[in-house]
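Chains as they are written, first to last, in the numbering used here: chain A, 63 to 309; chain B, 63 to 309; chain C, 63 to 309; chain D, 63 to 309; chain E, 63 to 309; chain F, 63 to 309.
Here is the structure:
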C-alpha cells in the first residue's frame with residue numbers, strides 16, 4: 063500500500079514546485095509518493111502579507127481541484143497563511159512546514175531560531191508562531207536578504223547568506239536552526255556542517271510527519287474549528303469552481 | 063473637504079454590503095461618505111476558515127480594483143483574515159472592525175466578551191485576538207447560532223438570540239459586549255437597552271476611527287511589515303488583474 | 063449640538079494644560095470644544111511612580127469638582143495611573159492618551175515603540191501596557207532624557223532628542239512610533255517628516271476617539287469593574303470634597 | 063536591637079488600623095514593633111478603583127509624614143495601588159500584603175485562589191497580579207459579598223461567608239487560599255480548620271517577610287524604577303506637604 | 063538498514079514496558095525495532111511529582127547503561143520529567159510522548175485536551191506544557207480516576223472511564239483528545255470510534271516522529287542547553303555507575 | 063522553642079553543604095538551627111539538566127531518610143528541579159532558594175536579573191521561572207563562567223566575575239540582582255557594595271522565609287498537586303529505601 067502526499071507549493075512557479083516535491087520525495091519513506099501541486103493563480107513568490115493571503119486561497123483552490131486521491135497535504139509555504147483553511151476543507155491530515163519545522167526544532171533543541179528570505183516575511187512568521195502557540199521557544203527570526211526567486215540562481219551564495227544570518231540567530235540564543243522558506247529545502251545538511259547545530263528543513267520533516275499521521279490512521283478533527291462548511295452557499299468567481307464544489 | 067471611506071464587505075452578498083454601508087454612513091460625521099465595496103468572487107457569507115481566507119484575497123482584489131479615490135478602508139468582516147494584507151496593499155489607513163470594536167470595548171469596560179454568529183467562526187476570532195494582542199482582555203466568545211444569511215430574515219429573533227447569548231457572555235465576566243459580525247451592525251442600541259451594558263458595533267466604531275486617522279493625516283507605516291511588494295513579480299489568474307497591477 | 067471634552071492634564075502646570083488643550087482643540091472636529099482641566103494639587107510634572115499615583119487622585123478630584131457639563135474625558139498623562147478610577151467615577155467615556163496612542167499605533171503598524179521623557183517613566187509605561195493587554199505589540203520603550211518641564215524650553219532640541227531616540231526605537235523593530243508624553247503633543251508631524259514612519263500623538267488621537275464614542279452614544283460600562291461606589295462612605299481630607307460628594 | 067515596621071492601613075478607619083497592627087504584632091518576632099499608620103485623608107474603606115487610587119496617594123502622604131524612624135513598610139491594602147510609589151518614596155523595604163500573600167501561597171501550593179470582599183475589588187486584584195507577574199498561578203478571585211466596613215460586625219458570619227466562597231475557589235482548582243482583604247487578618251487559622259487547606263493572611267506574612275528583608279540588610283533598589291524623584295518640583299495642595307518635602 | 067528505538071518506560075513494571083514496546087512496535091515502520099527499557103530502580107508507577115522526579119533519574123540511568131546501540135529514545139512517561147536530561151545525556155534524538163502527542167494534536171485540531179490517570183498527575187502535565195510552550199493550545203486536562211496499575215485489569219472499564227472523561231474534555235472546547243498516560247497506549251482507535259474526534263496515543267506518534275528524525279539524520283543540538291557535561295565530576299551512589307561513566 | 067530548618071544541598075560535596083548551612087545559620091533568627099543535608103548519591107556539583115534531575119531524586123531521598131525532626135526544608139540548588147516533589151513528600155514548608163530569591167527580588171526592585179555559574183545552567187533557570195510564574199519580571203540570566211567547584215578556590219576572582227557579569231545584567235534593565243547559585247551564598251554584601259543595587263542571596267532569604275512560614279504555622283497544601291502518594295507501590299533499587307518507606 064502506498065501513501066500519496068500532496069506537496070502544495072504556495073506560489074505559481076512550477077520550478078519551485080518541482081524542487082519542493084523532489085526534496086520531499088527524497089525525505090519520504092519507500093512507499094510514499096510525493097506529488098507537487100502548483101496553484102493556478104497568484105504570485106510567483108510569496109514574501110509578505112498580500113502574497114501570503116492570496117496564496118492561502120489559491121492553494122485551497124488547487125488542492126480542492128486536484129483530481130486524484132491523496133492521503134495527506136503538506137503545505138510548503140513557510141510562515142504563510144492557510145493551514146486552518148486546508149484543515150477545514152479536507153479530512154486528510156494537513157501539515158504546514160512551519161509547524162513541522164518548529165515542532166522538530168523543539169524536539170532537537172531548547173530554543174530555536176529561524177532564517178527566512180526577506181524582512182517582509184518576518185512579521186507573518188511571528189503571527190504564525192503566535193497562533194501555533196510556540197512563540198516562547200523562538201529566540202529570533204532573521205532575514206538573509208535573499209529573494210525567493212533568487213535562491214537557486216547561485217546556491218553557494220544562498221548558502222553563504224544562510225550561514226551568516228544563521229550565526230546571528232545562534233548568537234541570539236538558539237541551539238537549533240529552522241530554514242524559514244520552502245525554497246531553502248535541501249540546504250539543511252550543508253548548513254549543519256558549517257554551523258555545528260541541527261538545521262531543520264520543514265519540507266522534509268513535514269513529509270515525514272504527514273506519513274506518520276497517515277500510517278497511524280489519523281484524520282483532521284471535524285467537530286470544532288474544522289467542521290465542514292455549509293453546503294448551500296453561493297460562490298462567485300470563475301477560478302473558485304473547484305473550491306465551491308468540493309464539500 | 064470630504065472624506066471617503068470604503069466599507070469592504072467580506073462576502074459577495076450585495077444586500078449585506080448595502081446594509082453595512084448604511085450603518086457606516088449613519089455612524090459617520092457630516093463630511094464623510096461611506097462607499098460599500100463587494101468582492102467580485104468568493105462566498106456569499108464567511109463563517110469559518112475556508113471562507114475567511116478566500117475573502118481575504120477577494121477583498122484585496124476588490125479594493126485594488128476600485129477605480130475612485132478614497133481616504134481609508136474599513137474591513138467589515140469580523141474576525142476575518144486580511145487586515146495585514148490590506149495594510150501592505152495600500153497607504154491609506156485600514157481599520158478592521160474586529161480591531162475597532164475590541165479597542166472601543168477596552169475603552170468602555172475592563173473585560174469584554176464577543177457574540178458571533180456560528181461556532182465555526184469562533185476559532186478565527188480567537189486567532190485574530192491573538193495576533194492583535196488583546197486576548198487577555200477577552201473573557202469569552204460565544205455563538206448565537208444565527209447564520210449570517212439569516213440575520214435579516216427575522217431581526218427580532220436575531221436580537222433575541224443575541225440577547226440570550228449576550229447574557230451568557232456577561233456571566234463569563236464581561237462588562238462590555240462586542241457584536242461579532244458585520245451583519246449585526248445597527249443592533250447595538252437595542253441590545254444596550256436590553257442588557258444594560260455598552261454594546262459595540264464594530265462597523266460604526268471603525269468608520270469613526272478611520273475618520274479620526276484620516277483627519278489627523280495618518281498613513282500606514284511602510285518601513286516594516288507593510289512595505290510595498292516588489293513590483294516585478296509574475297501573477298497568474300484572470301481575477302487578480304487589479305491586484306497584480308496595483309503597486 | 064456641540065461636544066465638550068475635558069482634557070485633564072495630570073500635573074499642576076497650567077501652561078502645560080493650555081498647550082494640551084490647544085493641541086486637542088486643533089485635532090478636534092468642528093463641533094467639539096476641548097476644555098483643559100488642571101488638578102488643584104500634586105506635582106508640577108509627573109515622571110515616575112510617586113508623582114503618577116498622586117496625579118491619579120488629583121485628576122479624579124479635579125474632574126469630580128468640574129462644575130460644567132461635559133461629554134467625555136481625555137486623560138492626558140502618558141503612562142500615568144488613573145484611567146480605571148475615572149471610569150468608575152463618571153459615566154461619560156474616558157480615553158487615556160496611552161490607550162488611544164497604542165490602539166492607533168496598532169492600526170497603523172505591526173509593532174510599535176514609545177519614546178518618553180525620562181527613564182523613570184518607563185516602568186510605569188510597561189505596567190500600563192501590561193494591564194491594557196497590548197504589551198506584545200510593543201518592541202521597546204526608550205527615554206529621550208528630556209525633563210517634562212524642559213520640553214518647551216527649546217523645542218528644536220526636544221525634536222532632535224526625540225528623533226535620535228526614535229531611531230533607536232525603530233531599530234528595535236518598530237514600524238510606528240508613539241510619543242510617550244502629553245508634553246510632546248504637536249510634534250508628531252515634524253517627526254514623521256524626519257523619520258519616515260507614522261508618529262502618534264496620543265492627545266490628538268484621544269480627542270478624536272473620545273468624540274467617536276460620544277457620537278455613537280457610548281457610555282462606560284457600569285455593571286462590573288466600574289460600578290459606582292457605595293454612597294455612604296466617610297471621606298476625610300479637605301481637598302477631596304468634590305470627589306467625596308460626586309456620586 | 064529592635065525592628066520597627068509601619069503597617070500602613072489604606073483607609074482612614076482607625077479601628078481597622080488598630081486591628082491590622084494587632085494582627086501584625088501577633089505575627090511578628092519578639093524584637094519587632096508594628097506601628098499602625100492611618101492616612102489623614104481618603105475613604106473609610108477601599109473597595110474599587112476610585113478608592114484604591116486615592117489611598118495610594120494618601121498612604122504615601124502618611125508614611126512621608128511619619129515623624130519617627132522605621133525599618134520597613136507593610137502596605138496593608140490587598141489589591142490596592144501604591145506599592146511602586148512607596149518604593150520610590152523611601153529606601154526601606156516595602157512589602158505589599160498582596161505580594162506577600164501571593165508569594166507565600168506559591169510556596170505552599172501549586173495553584174492559589176483569592177477570596178476578597180466585594181466584586182468591585184476583583185478587577186484591581188487581577189491588575190495587581192498582572193503587574194506582579196504571578197497571574198498564571200492564580201485559579202480564581204471571588205468575592206464573599208462582605209463590605210469591608212461590615213467584616214467585624216459579625217465575625218462568625220464573615221467566617222461563614224469566607225468559608226463558602228473559599229470552597230468555590232478550591233473547586234476552581236486552587237490548593238491554597240489567600241485572604242483578599244487586610245480586614246480578614248486573623249481569620250486564617252479558623253478557615254484552615256474548616257477548609258483543610260493552607261490559608262494565607264497577607265498581613266501576617268508581610269510582617270514576617272519585611273522582618274526578613276530588614277534582618278538581611280536589604281534596601282529598595284534605587285537605580286531604576288525607584289530612583290528618587292527630582293528634588294526641585296513644585297507641589298500644590300495643602301495636604302501633601304509632607305510628601306512634597308520628603309526627599 | 064534497520065532503526066532501533068528505545069522505548070523507555072518510566073516505571074519499574076516490566077509488564078508495562080512490554081505493553082508500551084508492543085504498541086510502539088505496532089506503530090513503527092517495517093524496518094524499525096522498538097526495544098523496551100525498564101529502569102532498574104524507582105516506583106512501579108508514576109502518578110505525581112515524587113515519582114516523576116525519581117523516574118527522570120532512573121530512566122537516564124537505564125538508558126546510559128543500555129549496552130546495545132540504538133538510534134533514538136522515546137520517553138514513555140506522559141507528563142513526566144526528564145526529557146531535557148536525556149537530551150543532554152545522549153546525542154541521538156529524544157522524543158517525549160508528551161511532546162509527540164501534543165504536537166500531533168496541534169496538527170489535527172485547533173484546541174486539544176488531555177485525559178490522564180489520576181488527579182495527582184495533572185499539575186505535572188501543566189508544568190510540562192508550560193516549558194514545552196504549547197499551554198495556550200490546551201483547553202483542559204482531566205483525570206479519569208484510573209490508577210496506572212489498574213489500567214489493564216479491566217480494559218473495558220478503562221475505556222469507559224476514558225470515554226466519559228473525554229466527553230468532558232471535549233465539552234471544554236477541545237476538538238482533539240490526547241491520551242495522557244503511556245499505559246493507555248493502544249486505546250486510541252476504540253476511543254475515536256466512540257467519541258468521533260481524533261484521539262492521539264503519544265507512544266505511537268513518538269515512535270513515528272523519532273523514526274522521522276532518524277531518517278533525516280537529525281541529532282540533538284549540543285551547543286546550548288544540551289551540551290555534554292564536564293567529564294571530571296565525582297558521582298556517589300552504587301546505582302548510578304552507568305550514568306556516571308557515560309560521557 | 064527552637065526551629066530546625068534542613069538546608070538541603072543538591073550535590074554530594076560536604077564542604078559545600080557546610081558552607082550553605084553556615085550562611086543559612088548566619089542569616090537565621092536566634093532561635094533557629096540550620097542543619098545541612100547532603101545527598102548520599104549523585105554528582106559533586108549540578109550545572110545542567112542531567113545533574114539537576116539526578117539531584118532532585120537524591121535530595122528527596124536524603125530528606126526522607128533524615129532521622130531527626132525538622133520544621134522546614136530549604137532546597138539549596140538554584141534553578142534545580144525538585145521543589146514540587148519535596149512538597150509532595152513532606153508536610154512541612156519547603157522553600158526553594160530560586161523561589162525565595164526571586165520573590166525577594168520582586169519586593170526590592172521592578173525588574174531583576176540573575177547571575178549563575180555556567181551557561182549550561184541557564185536553560186534550567188528559565189524553566190524554573192516559567193513554572194514559578196515570574197518569568198515576566200526577569201530581564202536576563204547570564205553566566206559568570208565559574209564552575210561550581212571552583213567558586214571557593216579564589217573567592218576574589220569569583221567576586222570579580224560576578225561583578226562583571228552583574229554589570230551586564232544591570233545593563234539589560236535589571237534594578238536588582240539575584241545570585242544564581244547556592245555556592246555564591248555570602249557574596250551578596252560585597253556585590254552590593256560594588257554594584258550599588260540590592261543583591262539577593264537565595265540561601266539567606268530562603269531560611270528567613272522558611273522561618274516565617276513555620277512561625278505562622280503554615281504547612282504545605284495536601285489537597286491537590288502535593289497530596290500524599292498511594293502507599294502501596296512497589297519500589298525497586300537499594301538506595302531509595304528511605305524514600306520508599308517514607309509516607
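Glycine included, each C-beta is placed from N, C-alpha and C at the ideal position.
In this text, all values refer to a predicted model and were calculated from it rather than measured experimentally.
Think of a sphere of 7 Å around the beta carbon of residue 165 (chain E): the chain A residues whose beta carbon falls inside it are 165, in chain order. Looking at the DSSP output, residue 157 (chain B) bridges to B:136. Unbroken alpha helix (DSSP H) runs of no fewer than 4 residues, entirely contained in the region 74 to 144 of chain B, are found at 76 to 89 and 111 to 126, following chain order. Chain-ordered, the chain F residues with CB closer than 9 Å to the CB of residue 270 (chain D) read 270, 271, 273, 274, 275, 277 and 278. In the three-state scheme derived from DSSP, where H, G and I count as helix and E and B as strand, residue 193 (chain D) is classed as helix. In this structure residue 158 (chain E) is buried. Its beta-carbon is surrounded by 16 or more other beta-carbon atoms within 10 angstroms. When the beta-carbon positions are compared, residue 272 (chain C) and residue 136 (chain C) come within less than 8 Å of each other.
Going by beta carbons, residue 177 (chain C) and residue 144 (chain C) fall outside the 8 Å limit. About 12 Å separates the beta carbon of residue 264 (chain D) from that of residue 249 (chain D), a gap too long to meet the 8 Å contact definition.
Of B:222, B:228, B:99 and B:212, the smallest CA-CA separation from residue 71 (chain B) is found for B:99. At a cut-off of 8 Å between beta-carbon atoms, residue 188 (chain E) makes no contact with chain B.
Beta-bridge partners of residue 176 (chain D) (DSSP): D:203 and D:240. Scanning its chain for C-beta atoms nearer than 6 Å, with the 5 sequence neighbours on each side dropped, one finds around residue 203 (chain B) the residues 176, 184 and 187, in chain order.
Within the region 113 to 145 of chain A, 113, 114, 115, 116, 118, 119, 120, 122, 143 and 144 place their CB atoms closer than 8 Å to a CB of chain B, listed in sequence order. Secondary structure note for residue 216 (chain A): it is in no beta strand (DSSP E), with a DSSP letter that is neither H nor E. The C-beta distance from residue 232 (chain D) to residue 132 (chain D) rounds to 37 Å, too long to fall under 8 Å, and the pair is not in contact. By a beta-carbon distance limit of 8 Å, residue 85 (chain B) contacts residue 266 (chain B). Their separation comes to about 6 Å. Taking C-beta atoms under 8 Å as the contact rule, residue 201 (chain A) and residue 195 (chain E) fail to qualify, at a distance of about 12 Å. A check of alpha carbon separations from residue 209 (chain F) across F:290, F:90, F:108 and F:167 identifies F:108 as the nearest.
Under DSSP, the beta-bridge partners assigned to residue 68 (chain C) are C:97 and C:135. Residue 238 (chain D) places its beta carbon 8 Å or farther from that of residue 279 (chain D). With fewer than 16 other Cβ atoms inside 10 Å of its own Cβ, residue 77 (chain C) counts as exposed. Beta bridge pairing from DSSP links residue 261 (chain A) with A:239. Residues of chain D with a Cβ closer than 7 Å to the Cβ of residue 91 (chain F) are, in chain order, 91.
The beta carbons of residue 244 (chain E) and residue 138 (chain E) sit about 4 Å from each other, so the pair counts as a contact at 8 Å.
Around the beta carbon of residue 64 (chain C), fewer than 16 other beta carbons sit within 10 angstroms, so the residue counts as exposed.
In this structure, residue 114 (chain D) places its C-beta atom within 8 Å of the C-beta atom of residue 142 (chain D).
Residue 254 (chain D) and residue 284 (chain F) have their C-alpha atoms spaced approximately 12 Å apart.
When DSSP states are grouped into helix, strand and coil, residue 298 (chain E) belongs to the strand group. Going by beta carbons, residue 150 (chain D) and residue 291 (chain D) fall inside the 8 Å limit. Note that the C-beta distance between residue 206 (chain B) and residue 227 (chain B) is below 8 Å. Here residue 110 (chain D) has 182 as same chain residues with Cβ atoms under 6 Å from its own Cβ, once five neighbours each way along the sequence are excluded.
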